[in-house]
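Okay, so here's the structure we're looking at.
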DNA sequence: CATGTTACTAAACTTTTGTTTAGTATACAA
DNA sequence: TTGTATACTAAACAAAAGTTTAGTAACATG
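Chains as they are written, first to last, in the working numbering: chain P, 2 to 208; chain A, 2 to 208.
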């Protein structure tokens with residue numbers, strides 16, 4: 002056995018199917034596979050495909066052209082198609098490299114902050130939130146919403162300024178926007194003077 | 002004209018092509034499109050495809066089955082396939098919603114932290130780096146490397162412990178690992194007692 | 001030593017699919 | 001009014017692609 006119950010030949014063909022889909026955005030035909038591997042008979046290729054299907058690596062629709070379809074769950078991992086950066090549980094001494102066994106999961110950023118309606122990013126340009134771990138240059142991810150709860154970190158517009166990021170500390174007759182930096186002062190304004198634009202749901206920093 | 006120089010019918014067909022690729026991971030045949038739209042003649046569909054090709058929305062290979070291929074640059078945006086969270090330049094007062102005109106670009110997290118060899122994430126569980134904006138629970142993204150420069154924030158293993166995140170403050174006869182929190186003390190160790198495992202290149206926090 | 005799997009060739013066959021020819025009808029612009 | 005683009009039908013044709021039948025050969029396994 003070669004990799005994961007596949008023979009070497011079967012592995013090569015499965016790999017070619019993937020490459021073709023990747024490059025040409027459609028699966029290859031039996032004859033295209035045959036040409037690639039110098040298999041003159043279509044039956045030769047068809048046999049490999051039957052084996053791959055039987056072993057659960059691909060699916061096909063009988064009689065349809067280009068119907069080879071890799072089974073995602075089985076194939077991802079084998080060809081490194083997973084999205085995301087691996088999250089390691091711990092970094093132990095001794096081993097020079099971080100082994101795959103150490104990986105707890107994959108950090109799928111698209112899943113973490115999906116491209117969904119109402120989600121925006123804003124680059125922070127002040128220092129008023131450093132104690133909340135939001136530094137100049139960071140990108141804050143915020144969900145656009147007109148209100149928030151006390152304690153939330155919000156993106157708000159005060160006095161026609163560019164939006165600022167502050168902690169919402171009070172919501173009564175006066176709205177209190179509290180910085181996380183003793184050098185800055187809490188903003189206390191009438192509700193009419195403050196527009197809450199969104200709630201911060203994440204921070205991303207690249208160094 | 003309907004959308005972006007396409008007729009309504011052409012738009013519908015282009016949309017169906019996209020859906021088919023999305024759902025079945027291969028483009029539809031002319032007859033499959035015909036069936037969907039109750040166009041009995043293959044010529045009727047072929048005419049639409051010729052129009053789409055002429056207008057630059059798709060590409061085809063003559064004589065090949067299922068060779069319709071949407072031209073990525075033109076199509077993305079029309080069907081909302083872009084990856085990433087929009088980055089807004091500023092959040093202005095007045096407008097109730099964040100207009101698309103405001104968008105400076107798209108934050109493509111996969112591009113920012115690509116799934117490349119040697120890139121890992123580690124969840125921070127101490128408070129020793131709060132002043133550097135790294136809090137408990139944050140994910141630090143680090144590039145696996147055995148050395149680093151003074152000033153870098155590194156992931157290191159000291160005394161068989163689980164990896165810690167510290168600032169590399171000295172590299173001579175003794176290695177200095179400096180926390181960013183006055184409550185913690187700088188670690189000063191022989192090089193033999195410290196293993197630098199990587200350099201922190203990013204921080205991600207979800208709130 | 002029979003049996004099954006793998007890995008093919010060769011040739012014929014069928015179905016699917018793309019292409020072409022011929023024609024209808026509507027709408028719009030020059 | 002003539003041309004051009006759109007939006008099709010109908011029918012036939014040709015090429016592409018999947019399927020099937022009949023074998024060969026190597027190799028491993030019980």
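Virtual Cβ for every residue (Gly too), placed ideally from N, Cα, C.
In terms of beta-carbon proximity, residue 19 of chain A stays away from the interface with chain P, with every pair separated by 9 angstroms or more. Under the three-pair Cβ rule at 8 angstroms, the region 146-163 of chain A counts as touching the region 171-183 of chain A. Pairing residue 167 of chain A with residue 193 of chain A gives a Cβ-Cβ distance that is not under 9 angstroms. Looking from the CA of residue 75 of chain P, the closest CA among P:189, P:7, P:186 belongs to P:7. Beta-carbon to beta-carbon, residue 140 of chain P and residue 197 of chain P are separated by about 19 angstroms, too far to satisfy the 8 angstroms threshold. With 16 or more other Cβ atoms from the protein chains shown falling within 10 Å of its own Cβ, residue 67 of chain A counts as buried.
If you draw a straight line from the Cα of residue 57 of chain P to the Cα of residue 203 of chain P, it comes to about 40 angstroms. Within the region 36-63 of chain P, no residue has a Cβ lying closer than 7 angstroms to any Cβ of chain A. Assigned with DSSP and collapsed to three states, residue 138 of chain A falls in coil, not helix or strand. A straight-line Cα-Cα distance of about 8 angstroms links residue 165 of chain A and residue 125 of chain A. At a beta-carbon threshold of 9 angstroms, the residues of chain P lying near residue 207 of chain A are 113, 114, 142, 202, 203, 204, ordered along the chain. Secondary-structure assignment with DSSP links residue 172 of chain P through a beta bridge to P:176. For residue 21 of chain A, the number of other beta carbons within 10 angstroms of its own is at least 16, and it is reported as buried. With 16 or more other Cβ atoms from the protein chains shown falling within 10 Å of its own Cβ, residue 27 of chain A counts as buried. C-alpha of residue 32 of chain A to C-alpha of residue 19 of chain A: approximately 16 angstroms in a straight line. Under the Cβ criterion of 9 angstroms, residue 139 of chain P is counted among the residues facing chain A.
Within the region 8-86 of chain P, no run of beta strand (DSSP E) at least 3 residues long lies entirely inside it.
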